[in-house]
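Asker: Quick one: the structure is below, questions incoming.
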Amino acid sequence: MKEKDNQFLDYLNDAFEPDGIWEKNNGRKQTALFAYYFDKVVTFPGEKFTLLDLGCALGEAADFFSRRYPAALVSATDVSDIAISRAREECGDHIHFFTGGFGTIRSFFDVIYCSNVMEHFHDFEEKTRELTTCCNRLCIMVPYNEHTRKGHKLKPDPNSIMHQITFLEDSYDFLVNEGLAESVDTEIISCPGAWGWSRRQKITHGIDNFLRRITGRPHIYEYLQIIFDIKMKSKEQSSPLQGIL
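Quick note, in our numbering, the sequence shown goes up one by one and the last residue is 248.
Spelled out as structure tokens, the structure:
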């Protein structure tokens with residue numbers, strides 16, 4: 004398992020270099036769009052609250068939320084020290100950036116936002132359980148009902164760094180069943196430009212699928228995202244930045 008973690012970290016550090024594949028593959032734009040579309044359906048009540056962007060990459064989502072909620076205290080973390088160094092340099096000190104990941108968060112936050120991270124971990128349930136002790140509200144965004152090119156559900160592989168889990172509406176019900184959360188609300192959305200079809204693509208694929216049905220070929224489904232808005236049972240809070248300064 005440690006070997007896989009090291010492999011994943013090496014991959015991320017290479018990807019987040021200035022000439023790495025993250026920016027070559029429009030990772031910045033994708034991160035920003037995920038936050039933008041998330042904000043269309045989920046809002047945070049009140050002005051002053053603490054928010055952690057877990058798996059923040061180069062900080063686009065954290066920067067979005069700091070502008071969207073100017074009175075909020077926004078922090079962001081990633082296991083890649085290269086990503087954190089670049090994000091801190093570009094975003095300035097209005098966001099608290101620190102290097103870390105699952106199992107290293109020692110503070111308590113009103114909200115933890117985790118976008119397109121959990122699908123990489125075969126043990127996502129255990130990693131989520133760790134986060135339930137660190138926040139009052141956990142917002143997880145991942146690909147919805149993702150399948151292989153052959154139409155099969157994704158198969159968890161502890162040795163892989165690629166997508167591991169096919170997430171459905173009930174994927175986080177275990178938190179309520181185990182008494183770790185009060186409720187889990189879900190929202191399935193399209194994120195055109197990031198993980199979904201634009202209006203033009205919807206029309207194009209609609210025509211294509213009509214022809215596929217006539218010719219007996221398999222249907223092409225749009226890539227969608229699912230948001231899990233998880234509200235924890237109330238718990239005593241510690242200082243919002245305790246343990247990460």
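Note that CB positions come from ideal geometry on N, CA and C, so glycine has one too. Note that the coordinates shown come from a computational prediction; the quantities given were computed from them, not determined experimentally.
1. Tell me where the beta strand (DSSP E) around residue 99 begins and ends.
2. Taking Cβ to Cβ, would you say residue 19 is nearer than 8 Å to residue 118?
3. With residue 120 and residue 57 assumed to form a contact (beta carbons below 8 Å), what rounded beta-carbon distance in angstroms separates them?
4. Ignoring anything shorter than 3 residues or poking outside the region 14-92, list the beta strand (DSSP E) runs there in chain order.
5. Identify whether residue 125 lies in helix, strand or coil by the three-state DSSP scheme.
6. Can you say whether residue 186 is buried or exposed, counting buried as having 16 or more other CB atoms within 10 angstroms of its CB?
7. How should residue 136 be labelled, buried or exposed, when 16 other C-beta atoms within 10 angstroms of its C-beta is the threshold for buried?
8. Between the alpha carbons of residue 77 and residue 152, how many angstroms are there, rounded?
9. Would you check if the distance between the CB atom of residue 255 and the CB atom of residue 197 is smaller than 8 Å?
10. Along the chain, where does the beta strand (DSSP E) containing residue 139 start, and where does it finish?
11. Suppose you measure from the CA of residue 12 to the CA of residue 148; what does that come to, to the nearest Å?
12. Give me the Cα-Cα distance between residue 23 and residue 90, rounded to the nearest whole angstrom.
13. Does DSSP classify residue 208 as helix, strand or coil?
14. With a threshold of 6 Å on Cβ separation, who are the neighbours of residue 15 within its own chain once the five nearest residues in sequence on each side are excluded?
15. What is the DSSP secondary structure of residue 105, counted as helix, strand or coil?
Answerer: Working from what's here:
1. 99-102
2. no
3. 7 Å
4. 53-57 and 76-81
5. coil
6. exposed
7. exposed
8. 38 Å
9. This structure cannot speak to residue 255, because the chain is shown only from 4 to 248.
10. 138-147
11. 26 Å
12. 15 Å
13. helix
14. 83
15. coil
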